[in-house]
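Chemist: Count the sequence shown with the numbering used here and you get residues 191 to 300, in order.
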Amino acid sequence: LYYCRGSVLLQVQPDRRAPYQVELGDNPESLYLRALPFYFRSLSLYIERDGELVESSVRMTCNVAQVYQHLSVSNNTYLEQAYQWYKLALERQQEAFGDAHVRTKRIKAD
191 LYYCRGSVLL QVQPDRRAPY QVELGDNPES LYLRALPFYF RSLSLYIERD GELVESSVRM
251 TCNVAQVYQH LSVSNNTYLE QAYQWYKLAL ERQQEAFGDA HVRTKRIKAD
């Protein structure tokens, strides 16, 4: 979340208002929910450019899973989505890099 926010803010011209801003009453859940469309867009761009079975796409799939994992801390309804995204990331990681790869082991740990 912080990486995406920082990237968005750095890309805005100094004389323009940033497209991302914290609103009164925002909480971690609302911020993650607002960030999700950007994560999905990034994932689709990585897959379009590189394919599904490459490091960048797998890493972005893990990022989506992490957002859902963070959301599940305050709302259990997101736990299943986090699990499904981690499962997809693990399947792609194993197919592309095998079980012995460091990232495969990290995904399994998550």
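Built from N, CA and C at the ideal position, the CB exists for glycine as well.
Only a predicted model underlies this, so the values are computations on that prediction, with no experimental measurement involved.
Return the CA-CA distance between residue 217 and residue 225, expressed in angstroms with no decimal places.
Modeler: Residue 217 and residue 225: Cα-Cα distance of roughly 12 Å.
Chemist: What is the DSSP secondary structure of residue 240, counted as helix, strand or coil?
Modeler: In this structure, residue 240 counts as helix in the three-state DSSP scheme.
Chemist: Once DSSP output is grouped into helix, strand and coil, what is the label at residue 290?
Modeler: The answer is coil: DSSP assigns residue 290 none of H, G, I, E or B.
Chemist: Look at residue 257 and residue 282 and say whether their C-beta atoms are less than 8 Å apart.
Modeler: Not in contact: residue 257 and residue 282 (Cβ atoms no closer than 8 Å).
Chemist: Do you know offhand how far residue 232's Cα is from residue 288's?
Modeler: Going from the Cα of residue 232 to the Cα of residue 288 covers about 24 Å.
Chemist: Closest to residue 255 by CA distance: which of 271, 240, 241 is it?
Modeler: The shortest C-alpha separation from residue 255 is found at 271.
Chemist: Between the alpha carbons of residue 252 and residue 261, how many angstroms are there, rounded?
Modeler: If I take the Cα positions, the gap works out to 14 Å.
Chemist: Going by the CB atoms, is the gap between residue 300 and residue 276 shorter than 8 Å?
Modeler: Cβ distance < 8 Å, so residue 276 and residue 300 count as in contact.
Chemist: Short of 6 Å in beta carbon distance, which residues of its chain neighbour residue 290, apart from the five on each side in sequence? Order them along the chain.
Modeler: Around residue 290: no qualifying Cβ.
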